[in-house]
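Residue numbers (this note's numbering): -9 to 417.
Reviewing the structure listed below.
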Amino acid sequence: MVPALRLCRASPCPDGTRCGFYHPPVDETPDQVLQEVWSRRFTLLAGSTCEAAQADLFTAFLRILADVAAAVLRVNQTGIYFEPRDEATRSAHPGYAVVWIPQGDADRALHLLRTTPEAMALVRLKSRYGLRVQAKHEQTVHEALRPNAEFVQVRITQIYRLHPLPHGLQRATLAKFLKEIKWRARPLQPSRGSSEGASWNVGASSAPPTPSVHAFGRDILITLVKEHNSGPAPTCLLAASRRTQRHIQAHATGAVKPDTDPWLATDPWSAYHAKIALPATKPDTKHIDEVAQKLQDSVRTEVLKEIQNMPAASGSTSSPIVDQRFSKLEAGLQEVRAQGDQFQKWFTQANQRMTQQEQASNALKSAIDSQQKELGVLRQDVQQTGIQVGTQLASLRNDLGSHLDDKIDSAMQRFEALLSKKQRTED
Ligand SMILES: [Zn+2]
């Protein structure tokens, strides 16, 4: 499908090298351009692997001749995209960059590709398009395509997750925020948020100035999600697919542990000795006995080793994990004890307060009692006084009565005397 990946086998080329196929230099005779194809995957746009018939995408890794790479990276055929990979890290090649087109369809992307001299080819991620450029042209193209977006020149080796951020936070706002906290980082894409807030993945080449930042009225945590392993490349680079390398590594490490003497484990002459010592008549039983003995020995040594290890593992005080757990436990106990003390203090205080209240109420009660008694006495007094007053009044009345009688008697006598006197004078 891509002519650049095919070798022109005609010699000389009938089209005069205009056939589009690859023409190797005169002194080289490669057998083909495409050296290897691996990790073939049929996937849906959503990302899940599926059968070839339903697939939206087919992806594969290609190993090609270095001479062809430049031509392949400029291939622009509808539906075919090439991405250069770094030999050491196997991730995106640091020599190239992608400038994403803010919005627009394939036609607009194609137009931009034609009108941007630095652009090499189109890049597509689901429905988004971008232009692949050389890393040194990234800033120029970025400023031309996205004049409003802040360009942050950073070689992304680490991906961090910021959470929780305000829901609906825009890329531009986040870029401004990253600039404010003086961290050279570029917003990549929104990540899975939570009820607490949204979250964004940002790319950076160094750790943030602080692991948490207070902004937008909340504390935002910055956690490392992924780090590209860009350490020194292995000394002996084996040109093979990952699966082959894994296979080779598995067999290389699985054989013998490096710290055991290979002569003890796999002595090439051990079989020779056994054969010589065997009597010719009963070789099998002897061999089986030997194997059984060996098995017993090995089991015994293993068990002994386990037993020796067991107390060391369970009762050891030097183990850092156990130490840590003990110290944690100790701290917890201390806390519980402190809390208990506090509770006890509270309880004694409450008790004291209660007895005080009881005493106060008792005093009140006795006061009321004494008052009641006094009241009784007072009542008796009042009653007695009443009676006395009554008797006094009665006697007073009697006195008054007799006095009045006397007075009336004397008055009547005087009146009678006057009457008789008058009669006598008239006669
Ligand atoms: Zn040709």
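Glycine residues also receive a C-beta, built at the ideal position from the N, C-alpha and C atoms.
Here the structure is a predicted model, which is why all the values come from computation and not from measurement.
Note on geometry: alpha-carbon atoms of ARG315 and LEU323 lie some 12 angstroms from one another. If you check the C-beta of ALA60 against ligand 1, you find no heavy atom less than 7 angstroms away. Not one heavy atom of ligand 1 falls within 7 angstroms of the beta-carbon of ALA(-6). By the neighbour-count criterion, in which a residue is buried when 16 or more other Cβ atoms sit within 10 angstroms of its Cβ, VAL379 is exposed. Look at SER184 here: in three-state DSSP terms it is strand. Looking at GLN362, VAL293, GLY193 and ARG233, the one whose alpha-carbon comes closest to that of SER181 is GLY193. For the set GLU186, SER195 and SER184, the Cα lying nearest the Cα of PRO177 is the one of SER195.
Here HIS132 is buried. Its C-beta has 16 or more other C-beta atoms within 10 Å.
Rounded to the nearest angstrom, the gap between the Cα atoms of MET(-9) and SER29 is 19 angstroms. With 6 angstroms as the limit, the residues whose C-beta approaches a heavy atom of ligand 1 more closely than that are CYS(-2), ALA0, CYS3, ASP5, THR7, CYS9, PHE11 and HIS13, in chain order.
Closest in alpha carbon position to GLN160, among ARG64, ALA240 and TRP190, is TRP190. A distance of 8 angstroms or more separates the beta carbons of ILE91 and LEU152. Rounded to the nearest angstrom, the gap between the Cα atoms of GLY94 and LEU63 is 22 angstroms. Here PHE333 is exposed, its C-beta having fewer than 16 other C-beta atoms within 10 Å. Approximately 11 angstroms separates the beta-carbon atoms of VAL23 and ARG(-1); this is outside 8 angstroms, ruling out the contact.
Under the DSSP assignment, ASP209 falls in the beta strand (DSSP E) whose first and last residues are 208 to 217. For the set LYS335, ARG31 and GLN329, the Cα lying nearest the Cα of ALA43 is the one of ARG31. A residue is called buried once 16 or more other Cβ atoms fall within 10 Å of its Cβ, and GLY120 is buried on that count. Under DSSP, ASN191 forms a beta bridge with ARG151 and GLN179. Apart from the 5 residues on each side of it in sequence, LYS172 sits with its Cβ closer than 7 angstroms to the Cβ of PRO199 in its chain, given in chain order. For ARG31, the enclosing beta strand (DSSP E) has its first and last residue at 24 to 33. Within the model, the alpha-carbon separation for ALA188 versus HIS127 is close to 33 angstroms. A distance of 8 angstroms or more separates the beta carbons of VAL113 and VAL144. Of the candidates LYS116, SER185 and GLY158, the residue whose Cα lies closest to the Cα of ASP46 is LYS116.
Annotation for ARG414: the continuous alpha helix (DSSP H) segment containing it runs 310 to 416.
The shortest C-alpha to C-alpha distance from PHE48 to any of ALA60, ALA353, PHE72 and ASP396 is the one to PHE72. In terms of Cβ geometry, LEU102 and LEU135 form a close pair [threshold 8 angstroms]. In this structure, GLN129 lies near PHE141, with their beta-carbon atoms less than 8 angstroms apart. Here PHE405 is exposed. Its C-beta has fewer than 16 other C-beta atoms within 10 Å. With distances taken between CA atoms, GLY207 lies nearest to HIS157 out of PRO4, THR105, ARG104 and HIS157. Setting aside the 5 residues that flank it on each side, ALA50 is surrounded in the same chain by VAL27, TRP28, SER29, ARG30 and ARG31, each with a C-beta closer than 8 angstroms to its C-beta; the list follows chain order. By the neighbour-count criterion, in which 16 or more other beta carbons inside 10 Å mark a residue as buried, MET110 falls on the buried side.
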